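Chemist:
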Amino acid sequence: MDSPHKSSDRRTRFLLFGIFAMVAIAFVAVSVLSLKPALPSVERSTIWVDTVRRGPMLRAVRGLGKLVPEQIRWVPALSSGRVERILARPGAAVRPDTVLLVLSNPELQQSAVDAQLQLKAAEAEAVNLKVELTSQQLNQRAQAAIVQSDYKQAMLQAAVNEELATQGLISQLTVRLSRVKVEELATRNTLELQRIKISQEAIRSRLAVQQTKIAQLRNLTALKQSQIEALRVRAGIDGVLQQLPVEVGQQVTPGTNLARVADPRRLKAELKIAETQAKDVQLGQVALIDTRNGTVSGRVKRIDPAVLNGTVTVDVSMDGNLPGGARPDLSVEGTIELERLRDVLYVGRPAFGQAMSTVELFKLEKDGENAVRVPVKLGRSSVTTIEILKGLEAGEQVILSDMPTQEASERIHLE
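Our numbering puts the sequence shown at residues 570 to 984.
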């Protein structure tokens, strides 16, 4: 049997072991509870980190577009007709008088002949009318000359009769009759002179009417002739034939576009700028056009007042010679300089966040191993940079990449 002393020692050891175990368990529990949760990790190679800088910042907007000719001429059909021959094809160099195609219109040709015949008939009628009116005027002048001669003779006779009457050789009745004769012929002479004057005015009026008719027919003839000439469709300008959307035998109507001619030496860039960025674009601003084969500077020449599919069309005219290979419809990229800010705090443009807004970015801590989320107030933006108004200082580094998986994290660890 165990002695009472040994039983007491065994109980004491069990008690001490239990106390030691409880203390150990409590220590482990406190240690575990005091540990902070592990930070979410992000691979450094998968993010874009930029340093906040202070200094001059160029504000610009960028847009894609294409080269288009500054001078484009659509050649329309001036009259209806049928395409008889095509003498040039797209890609051909043309001069203003180069004939592109030939149309036929028998009705137009007949009407041109009719107009020419009507003009000749009117001109012949004018000659006949002038001869007729001249003959009538000569007859009136001859009649007036007879009346004037009779009037002068009557005055002489009246004077002789008065002299004879004073000598008592003729009666007073004869004297009075001679005076009446003088008065009658004087009136007739005045009327004949007025008839000549009125006749001259009538002749001028009738000849003017006939000349107006001739002028109308001459204009009609010229119009018909020009329409006949227009059946030989010409380019009209120096350049390259770009389109010829008709075929031989096709019937065309007045106004139908028969060809498009452009000058490939004078091209402009037609850029599509996002409507949210186009508000600061102004006429005359400097632009840089990248043709993928070189760059050329230019200036904003036109801003479309309308928005189409979320973009605004901006035309840029070139200041210098275009790089080799430049041609109409070539895809280009354009950067328009808005303004130069002298001394501002700026950083690379983040993947999210718009100008004049507040966003949250991860700022790297001094050790560069961890990053903490901070609110940042953004200002004016450019193509690749954006102004910092509040929340960051020069020299600090921030993560500009979009990290949707860390939206709930306040701090992250960079591996």
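The beta-carbon is built from N, C-alpha and C at its ideal position, and this holds for glycine as well. If you're wondering where the values come from, they're calculated on a predicted model, not measured in any experiment.
Just to confirm, are residue 618 and residue 966 a CB contact at a threshold of 8 Å?
Modeler: In this structure, residue 966 lies closer than 8 Å to residue 618 by Cβ.
Chemist: Measuring alpha carbon to alpha carbon, tell me which residue in 826, 825 and 867 is nearest residue 840.
Modeler: Checked all of 826, 825 and 867; the closest Cα to residue 840 is 867.
Chemist: Please identify the residue among 624, 615, 970 and 646 whose C-alpha is closest to the C-alpha of residue 798.
Modeler: Comparing Cα positions, the closest option is 646.
Chemist: Anyone know if the C-beta pair for residue 901 and residue 858 falls short of 8 Å?
Modeler: Cβ distance < 8 Å, so residue 901 and residue 858 count as in contact.
Chemist: With 16 other CB atoms within 10 Å as the buried threshold, where does residue 605 fall?
Modeler: Because the pLDDT of residue 605 is 49, which lies under 50, any placement of that residue in the model is unreliable, and the number read from its coordinates should be weighed accordingly. Counting Cβ neighbours within 10 Å, residue 605 comes out exposed, since fewer than 16 surround it.
Chemist: Helix, strand or coil: which one does DSSP assign to residue 676?
Modeler: Residue 676 falls in the helix class under three-state DSSP.
Chemist: Can you say whether residue 663 is buried or exposed, counting buried as having 16 or more other CB atoms within 10 angstroms of its CB?
Modeler: Classification of residue 663: buried, given that the 10 Å Cβ count is 16 or more.
Chemist: Measuring only the C-alpha atoms, how far is residue 814 from residue 827?
Modeler: So the two alpha carbons sit approximately 6 Å from each other.
Chemist: List the residues that DSSP assigns as beta-bridge partners of residue 858.
Modeler: Note: residue 858 sits in a beta bridge opposite 865 and 903.
Chemist: Could you tell me the alpha carbon to alpha carbon distance between residue 787 and residue 688, rounded to whole angstroms?
Modeler: Near 6 Å, if we compare the C-alpha coordinates of residue 688 and residue 787.
Chemist: Write down every uninterrupted run of the beta strand (DSSP E) in the stretch 630-673 whose length is 3 residues or greater and which is fully enclosed by it, in chain order.
Modeler: Counting whole runs of 3 or more residues, the stretch 630-673 contains the beta strand (DSSP E) stretches 641-645, 650-655 and 668-673.
Chemist: By the 10 Å Cβ neighbour count, where 16 or more other Cβ atoms means buried, how is residue 721 classified, buried or exposed?
Modeler: It is exposed - the Cβ of residue 721 has fewer than 16 other Cβ atoms within 10 Å.
Chemist: For the beta strand (DSSP E) containing residue 924, name the first residue and the last one.
Modeler: No beta strand (DSSP E) holds residue 924; DSSP gives it neither H nor E.
Chemist: Between 932, 751 and 893, which lies nearest to residue 943 when the distance is taken from Cα to Cα?
Modeler: Nearest C-alpha to residue 943: 932.
Chemist: Indicate whether the contact test is met: 3 or more Cβ pairs, each with one atom in the stretch 640-657 and one in the stretch 667-674, closer than 8 Å.
Modeler: Enough Cβ pairs lie closer than 8 Å, so yes.
Chemist: Quick one: Cα of residue 969 to Cα of residue 917, how far?
Modeler: Approximately 7 Å between the Cα atoms of the pair.
Chemist: DSSP puts residue 887 in a beta bridge; with which residues?
Modeler: Answer is 867.
Chemist: Looking only at its own chain, which residues have a Cβ that is under 8 Å from the Cβ of residue 822, when we skip the five neighbours before and after it?
Modeler: These residues qualify, in order along the chain: 646 and 649.
Chemist: Taking the beta strand (DSSP E) that residue 851 belongs to, which residues open and close that run?
Modeler: Per DSSP, residue 851 belongs to no beta strand (DSSP E) and is neither H nor E.
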